[in-house]
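Have a look at the structure below before the remarks.
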């Protein structure tokens, strides 16, 4: 046992559903074997009485959304967490609440990923154009869509990137279908990707790549067909098999994402937002072979990630060590978000999942000053 871990305290707040789905008690047991005390936080009580806390792990997305809609109880609970964080800057938060708010807004997260791509200057990355529709479609909507560089078909998504409704989407094929668009929403050009989605599950400096079914290819340009409504969660389930996910018309480029592209995207998002637990949905353009980020998720389900608990414990260990390796537990010393964890890659050929490290050197094209610029813009939105 690393002696600096003994007596460290990790507080967590997850919904009952999330805890059961992850079997989070197994993670608590794993921590205790390393000398880390794990505490389930009760947000109905003052957190000061439940501290001190070296680390807080949470998924407050539901409460944050409810608080933003002025739900009195949720406002109180979220504020209680925020007050503790502000009073204890030494506590590591996985993940910062402002970053979570950015990831809960598809418009903000898409803007962020486009800025990151501009800074990376990597021709292997080209995420689809998008725009926000806040009102019902009118006579000038098509012109606005074209000005934003969108083409038919395109995907229509809710602006809020969390909750059951966030999975309800539509494929819009023509101007006639615009009547089916329900604002407020985000529309995003559809890119043919041979019905394969790559879900990147990030834990600190390591990530796992999981292949999932996705939407089949559609002809480019307007089409005389009705809009297709679907649930993206159902479409991308591992066992999903339907006409929507058919691979009968696969053509062009079919290849997994590049390790160094995913590594750099993950690193850039971590640096820009200060996040450690997130997912990136990536597809490969079947015409160009370019990587396209189509969604980013806060604290995803980590389905198909057998090493999630080990990765999470390793990340917590390395962050604690990097922050204050010689200080006593819950010492009150300010801590940075840097980490020195060097995970081990596994053989992709022997498993349907690929676990890789995000800690290699940055591409020479990546301008370090962009990170602070991106972070500033993200936090100000």
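Numbering (full-length UniProt numbering), first residue to last: 1 to 381.
Note that beta-carbon positions come from the ideal geometry of N, C-alpha and C, so glycine has one too.
Small disclaimer: the values here were computed from a predicted structure and weren't measured.
Contact test: residue i Cβ vs the ligand GTP heavy atom, cutoff 7 Å
{"i": "residue 65", "result": "Among the components of this structure there are no ligands whatsoever, and the ligand GTP is therefore not found."}
Reduced DSSP category for residue i - H, G, I as helix; E, B as strand; rest coil
{"i": "residue 351", "result": "Residue placement at residue 351 cannot be trusted, given a pLDDT of 39 that sits under 50; what the coordinates show is reported in the next sentence. Residue 351: coil per DSSP, three-state reduction."}
{"i": "residue 94", "result": "strand"}
{"i": "residue 197", "result": "strand"}
{"i": "residue 307", "result": "coil"}
{"i": "residue 16", "result": "helix"}
{"i": "residue 375", "result": "Residue confidence is low: residue 375 scores 49 on pLDDT, short of 50, so the model does not pin down where it sits. Its coordinate-derived value is still stated next. The answer is helix: DSSP assigns residue 375 an H, G or I state."}
{"i": "residue 360", "result": "In this prediction, residue 360 scores a pLDDT of 31, lower than 50, which makes its location untrustworthy; the coordinate-derived value is nonetheless stated afterwards. Residue 360: coil per DSSP, three-state reduction."}
{"i": "residue 224", "result": "coil"}
{"i": "residue 38", "result": "strand"}
Pick from the options that is closest to residue i, judged by C-alpha positions
{"i": "residue 446", "options": "50, 45, 8", "result": "With the chain covering 1 to 381 only, the question about residue 446 has no answer from this structure."}
{"i": "residue 382", "options": "46, 55, 20", "result": "Since the displayed the chain opens at 1 and closes at 381, residue 382 lies outside it and no answer follows."}
{"i": "residue 233", "options": "10, 162, 145, 116", "result": "162"}
{"i": "residue 46", "options": "30, 172, 117, 80", "result": "80"}
{"i": "residue 127", "options": "310, 178, 290", "result": "290"}
{"i": "residue 85", "options": "108, 195, 110, 51", "result": "51"}
{"i": "residue 192", "options": "297, 284, 96, 92", "result": "284"}
{"i": "residue 211", "options": "78, 279, 92, 205", "result": "279"}
{"i": "residue 120", "options": "302, 219, 264, 300", "result": "264"}
{"i": "residue 386", "options": "90, 115, 321, 78", "result": "Because the chain here runs from 1 to 381, residue 386 falls outside it and cannot be looked at."}
{"i": "residue 304", "options": "177, 311, 208", "result": "208"}
{"i": "residue 267", "options": "22, 6, 116, 76", "result": "116"}
{"i": "residue 22", "options": "170, 306, 251", "result": "306"}
{"i": "residue 83", "options": "312, 97, 250", "result": "97"}
{"i": "residue 257", "options": "168, 286, 237", "result": "286"}
{"i": "residue 216", "options": "112, 250, 172", "result": "250"}
{"i": "residue 385", "options": "238, 39, 241, 170", "result": "The structure shown does not extend to residue 385, since the chain spans only 1 to 381, so no value can be given for it."}
{"i": "residue 141", "options": "25, 108, 178, 282", "result": "178"}
{"i": "residue 114", "options": "269, 288, 311", "result": "269"}
{"i": "residue 167", "options": "235, 110, 206, 226", "result": "235"}
{"i": "residue 262", "options": "74, 282, 255", "result": "282"}
Boundaries of the alpha helix (DSSP H) in which residue i is found, first to last residue
{"i": "residue 29", "result": "24 to 33"}
{"i": "residue 98", "result": "97 to 103"}
{"i": "residue 44", "result": "From DSSP, residue 44 is part of no alpha helix (DSSP H); its letter is neither H nor E."}
Residue range of the unbroken beta strand (DSSP E) whose run includes residue i
{"i": "residue 229", "result": "228 to 231"}
{"i": "residue 209", "result": "206 to 213"}
{"i": "residue 9", "result": "9 to 13"}
Any chain D beta carbon closer than 8 Å to residue i
{"i": "residue 247", "result": "Of the chains in the structure shown, none is chain D; there is only one protein chain."}
Next on the checklist: Assess contact between the segment 244 to 251 and the segment 260 to 275, defined as three or more Cβ pairs (one per stretch) separated by less than 8 Å. Is contact present?
Outcome noted: Verdict: no, contact absent.
Item to check | Unbroken stretches of the alpha helix (DSSP H), 4 residues or longer, contained in the segment 117 to 193 | outcome: Annotation: the segment 117 to 193 contains the following complete segments of the alpha helix (DSSP H) (minimum length 4 residues), in chain order: 141 to 147.
Next on the checklist: In chain order, what are the residue ranges of uninterrupted alpha helix (DSSP H) at least 4 long that sit wholly in the segment 49 to 86?
Outcome noted: Taking only runs of at least 4 residues, the alpha helix (DSSP H) segments lying wholly in the segment 49 to 86 are 61 to 68.
Next on the checklist: Could you check whether the segment 188 to 200 touches the segment 150 to 170, counting it as contact only if at least three pairs of C-beta atoms, one from each stretch, sit closer than 8 Å?
Outcome noted: At 8 Å Cβ cutoff, the stretches touch.
Item to check | Uninterrupted alpha helix (DSSP H) stretches inside the segment 242 to 304 (no shorter than 4 residues) | outcome: 259 to 273, all fully within the segment 242 to 304.
Item to check | Three or more C-beta pairs below 8 Å linking the segment 303 to 319 and the segment 24 to 33 | outcome: The answer is yes - the segment 24 to 33 touches the segment 303 to 319, with three or more Cβ pairs under 8 Å.
Checklist entry - Does the segment 120 to 140 touch the segment 167 to 183, meaning 3 or more C-beta pairs lie closer than 8 Å? => result Contact between the segment 167 to 183 and the segment 120 to 140 is present, because at least three Cβ pairs lie under 8 Å.
Checklist entry - For the segment 55 to 66 against the segment 10 to 24, are there 3 or more C-beta pairs whose distance is under 8 Å? => result Because the criterion of three Cβ pairs below 8 Å is met, the segment 55 to 66 and the segment 10 to 24 touch.
Checklist entry - Is the segment 293 to 305 close to the segment 108 to 128, with three or more CB pairs under 8 Å? => result Yes, they touch.
Checklist entry - Does the pairing of the segment 146 to 154 with the segment 193 to 200 give three or more beta-carbon distances under 8 Å? => result With a cut-off of 8 Å, the segment 193 to 200 and the segment 146 to 154 do not count as touching, because too few Cβ pairs lie within range.
Checklist entry - On the three-pair Cβ rule with 8 Å, is the segment 97 to 105 touching the segment 62 to 76? => result By the C-beta criterion, the segment 97 to 105 is judged to be in contact with the segment 62 to 76, since at least 3 inter-stretch pairs fall below 8 Å.
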